[in-house]
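Asker:
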Amino acid sequence: MGEPRLPTNPRPLTHKEKPLPNGRLRIGMVGHAFMGAAHSQAWRTVNHAFDLSAQVEMTAVCGRDPERAAAAAERLGWADHLTDWRELIARDDIDVVDICTPGDSHAEIAIAALEAGKHVLCEKPLANSVAEARAMVAAAERAREAGIRSACGFNYRRVPAVALLHSLIASGRLGEIRHVRAVYLQDWLTDPDFPLTWRLRREYAGSGALGDIGAHIIDLALYLTGSQFSGVCGLTETFVRSRPLPHAEPGGLTARGSLAGEHGEVTVDDATLFLGRLDNGAVASFEATRFATGRKNALRLELNGSLGSAAFDLERLNELEFFDATQPGAEQGFRRILVTEADHPYIAAWWPPGHILGYEHSFTHQARDLVAAIAAGKDPQPSFVEALQVQLVLDAVERSARASTAWTQVPGAETPAAENTPEQV
């Protein structure tokens with residue numbers, strides 16, 4: 061996935077753990093496009109929704125273009141703006157660096173921020189290669205010794221229905237997990253004239269549908285089952301191999317316009333399918349594509365166990381389907397749980413029962429968990445080690461695809477003993 065740009069001689073940490081300044085947590089964000097807007101929404105709302113021991117301050121946002129960065133700061137609620145992330149990291153009034161950039165810069169920014177004594181939240185996937193991800197894990201472990209925390213932004217863990225599903229599985233309600241079945245379907249690339257944005261260029265994105273949306277369903281499988289992948293076999297496909305060049309580099313899911321007649325090569329996958337085996341004995345199937353015509357953001361996940369089954373659909377994100385095989389046969393059947401009750405995860409902070417939440421709330425919950433962990437001196441989740449495990453699966457799928465879908469072992473990520481248990485929601 062490209063050569064990592066990493067420091068050859070990591071600097072030793074000299075700072076010591078210290079309490080939050082006046083109960084504040086001052087945020088600096090790098091990147092202000094799609095994910096930057098989602099994260100900004102979370103930082104704006106987290107203290108309004110949740111009673112936290114730290115007050116978030118949106119101190120500064122960083123972007124490459126000064127005019128766009130200034131406009132983003134005003135629109136998204138940031139007090140200041142910069143054009144150099146190194147300057148952001150060097151500021152004394154920044155406690156947390158939130159990385160919302162393309163994957164090619166994750167490792168460089170995160171490692172520098174951790175070495176400067178800043179807590180780090182990094183968007184998924186963690187990096188563009190296993191080598192970069194391992195270097196980030198090493199930096200995070202060094203920083204952890206000084207009380208500096210780090211987490212990767214897999215926000216779908218924070219959807220209340222998914223958190224409830226995790227609780228059901230952890231308490232044994234599904235029994236022994238035997239099947240994991242997951243798809244993530246989008247259609248925003250079906251138009252062959254959609255321009256060649258950074259998400260379609262390997263040097264920036266690392267991979268295509270595999271890393272962009274496949275990483276989410278891989279992480280959910282790891283999170284929900286508490287298991288690791290032992291091996292995979294997969295294939296990838298690129299349906300449109302040349303696209304018009306965009307007018308300007310910025311752009312994502314809604315980019316428009318192109319330079320007439322000029323095209324560039326698509327260097328990532330448009331779709332991937334793979335089978336996997338988990339170390340708990342379960343078998344799994346995955347599909348991730350940005351060519352599923354008519355499907356906008358269809359993340360669907362089903363787990364089948366010895367005592368029951370459960371299914372989740374992101375396009376119905378307030379609902380969970382649950383089948384309890386321990387009930388009398390005449391009473392069995394999938395039942396719909398509307399996850400809006402006050403005793404469901406995160407819900408008590410919001411509205412009365414039946415008043416549904418949306419996509420943006422998962423980012424507020426992510427911010428809530430990160431702030432609570434930092435304020436309590438605990439390790440937030442998912443850690444860089446957990447995100448490395450996702451990276452190892454992504455890499456194994458690509459290696460399998462290059463080897464004509466050969467069965468490919470997924471190496472393990474060494475997981476240090478947990479310092480403590482994350483605060484329950």
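Take the position in the sequence shown, starting the count at 1, then add 60; the result is the number in my numbering.
C-beta atoms are modelled at their ideal positions from N, C-alpha and C, and glycine is treated no differently.
In this text, all values refer to a predicted model and were calculated from it rather than measured experimentally.
Quick one: is ARG259 buried, meaning 16 or more other Cβ sit within 10 Å of its Cβ, or exposed?
Answerer: What you label residue 259 is simply residue 199 of the sequence shown in a count that begins at 1. It is buried - the Cβ of ARG259 has at least 16 other Cβ atoms within 10 Å.
Asker: What residue does the alpha helix (DSSP H) around THR285 start on, and which one ends it?
Answerer: Locating residue 285 in the sequence shown gives position 225, counting from the first residue. Where THR285 is concerned, the enclosing alpha helix (DSSP H) stretches over 275–285.
Asker: Please report the Cβ distance between PRO488 and ALA173, rounded to the nearest whole angstrom; I am assuming they are in contact, meaning their Cβ atoms lie under 8 angstroms.
Answerer: Given that the chain is displayed from residue 61 to residue 485, the structure contains no residue 488 and the question cannot be resolved.
Asker: Using a Cβ-Cβ cut-off of 6 angstroms (strictly less than) and excluding sequence neighbours within five positions of SER504, which residues of its own chain qualify?
Answerer: No answer is possible for residue 504: the residues shown for the chain start at 61 and end at 485.
Asker: Looking at the ligand GDP, does it come within less than 7 angstroms of THR465, judged from the CB to the closest heavy atom?
Answerer: The ligand GDP is not part of the structure shown, which contains no ligands of any sort.
Asker: Shortest alpha-carbon distance to ARG355 belongs to which of LEU374, GLY271 and PRO306?
Answerer: In the sequence shown, counting from the first residue as 1, residue 355 sits at position 295. Closest option to ARG355, Cα to Cα, is LEU374.
Asker: Is VAL399 buried or exposed, if buried means 16 or more other CB atoms sit within 10 Å of its CB?
Answerer: By 1-based counting over the sequence shown, the position of residue 399 is 339. VAL399 is buried by the Cβ-count criterion.
Asker: Below 6 angstroms CB to CB, which residues in the same chain sit around THR475 once its five sequence neighbours on both sides are set aside?
Answerer: Position 415 of the sequence shown holds residue 475. Here THR475 scores only 42 on pLDDT, less than 50, and its place in the model should not be relied on; the value that follows carries that caveat. Only VAL445 meet the Cβ criterion.
Asker: By how many angstroms is the C-alpha of ASN364 removed from the C-alpha of ALA435?
Answerer: Residue mapping note: residue 435 aligns to position 375 of the sequence shown, counting from 1. Residue mapping note: residue 364 aligns to position 304 of the sequence shown, counting from 1. If I take the Cα positions, the gap works out to 38 angstroms.
Asker: Output yes or no for whether 8 angstroms exceeds the beta carbon distance between THR298 and ASP339.
Answerer: Against the sequence shown, residue 298 aligns to sequence position 238. Against the sequence shown, residue 339 aligns to sequence position 279. Cβ distance not < 8 angstroms, so THR298 and ASP339 don't count as in contact.
Asker: Could you give the uninterrupted runs of the alpha helix (DSSP H) lying entirely in the region 92–137, keeping only those of 4 residues or more?
Answerer: Fully enclosed alpha helix (DSSP H) runs of 4 or longer: 94–109 and 126–136.
Asker: For GLU236, which three-state DSSP category applies?
Answerer: Taking the first residue of the sequence shown as 1, we reach residue 236 at position 176. The answer is coil: DSSP assigns GLU236 none of H, G, I, E or B.
Asker: Going by the CB atoms, is the gap between THR332 and ALA275 shorter than 8 angstroms?
Answerer: Here residue 275 is taken as the residue at index 215 of the sequence shown, counted from 1. Here residue 332 is taken as the residue at index 272 of the sequence shown, counted from 1. In this structure, THR332 does not lie closer than 8 angstroms to ALA275 by Cβ.
Asker: What are the boundary residues of the beta strand (DSSP E) that includes THR332?
Answerer: Residue numbering aside, residue 332 sits at position 272 when the sequence shown is read from its first letter. Its beta strand (DSSP E) spans residues 331–338.
Asker: Would you be able to state if there are at least three C-beta pairs under 8 angstroms between the region 177–192 and the region 244–257?
Answerer: No, the region 244–257 is not in contact with the region 177–192.
Asker: Would you tell me roughly how many angstroms separate the C-alpha atoms of TYR216 and VAL106, rounded to the nearest one?
Answerer: For this step, residue 216 is matched to residue 156 along the sequence shown. For this step, residue 106 is matched to residue 46 along the sequence shown. So the two alpha carbons sit approximately 17 angstroms from each other.
Asker: When we look at the beta-carbon of GLU479 and count the other beta-carbons within 10 Å, is it buried (16 or more) or exposed?
Answerer: Position 419 of the sequence shown holds residue 479. Note that GLU479 scores a pLDDT of 38, beneath 50, so its modelled location is shaky; the value from the coordinates is reported in the next line. Flag for GLU479 reads exposed.
Asker: Can you name the residues that DSSP bridges to SER369?
Answerer: Reading the sequence shown from its first residue, position 309 is the one you call residue 369. The partner list for SER369 (beta bridge, DSSP) reads ASN364 and PHE383.
Asker: Looking at C-alpha atoms only, which residue of GLU201, LEU280 and GLY213 is the closest neighbour of ILE229?
Answerer: Reading the sequence shown from its first residue, position 169 is the one you call residue 229. If we check each option's Cα against that of ILE229, LEU280 comes out closest.
Asker: Is DSSP giving GLU322 helix, strand or coil here?
Answerer: Residue 322 sits at position 262 when you count from the first residue of the sequence shown. Three-state result, GLU322: coil.
Asker: Looking at ASP144 and ARG86, is the spacing between their C-beta atoms short of 8 angstroms?
Answerer: By one-based count along the sequence shown, residue 86 stands at place 26. By one-based count along the sequence shown, residue 144 stands at place 84. Taking 8 angstroms as the Cβ cut-off, ARG86 and ASP144 do not qualify as a contacting pair.
Asker: Roughly how many whole angstroms lie between the Cα atoms of GLY213 and ALA390?
Answerer: Numbered from 1 along the sequence shown, position 153 holds the residue referred to as residue 213. Numbered from 1 along the sequence shown, position 330 holds the residue referred to as residue 390. One C-alpha to the other measures close to 43 angstroms.
Asker: Got a sec, what are the start and stop residues for the beta strand (DSSP E) PRO540 sits in?
Answerer: This structure leaves residue 540 out entirely; the chain is present only between 61 and 485.
Asker: Taking the straight line between their C-alpha atoms, what separation do you get for THR68 and ALA223?
Answerer: Taking the sequence shown and counting its residues from 1, one reaches residue 68 at position 8. Taking the sequence shown and counting its residues from 1, one reaches residue 223 at position 163. A caution first: THR68 carries a pLDDT of 48, below 50, which makes its placement in the model unreliable, though a value can still be read off. Going by the C-alpha atoms only, they are around 39 angstroms apart.
Asker: Quick one: Cα of PRO310 to Cα of LEU417, how far?
Answerer: Indexing the sequence shown from 1 puts residue 310 at position 250. Indexing the sequence shown from 1 puts residue 417 at position 357. With a pLDDT of 45 at PRO310, under the threshold of 50, the modelled position of this residue cannot be trusted; read the value that follows with caution. Straight-line Cα distance between these residues: approximately 30 angstroms.
Asker: By Cβ distance below 6 angstroms, which residues in the same chain neighbour GLY324 in space, the five residues on each side in sequence not counted?
Answerer: If you number the sequence shown from 1, residue 324 lands on position 264. LEU256 and LEU305.
Asker: How big is the Cα-Cα spacing for SER227 and SER460?
Answerer: For the purposes of this step, residue 227 is taken as the residue at position 167 of the sequence shown. For the purposes of this step, residue 460 is taken as the residue at position 400 of the sequence shown. Cα to Cα, the separation comes out at about 33 angstroms.
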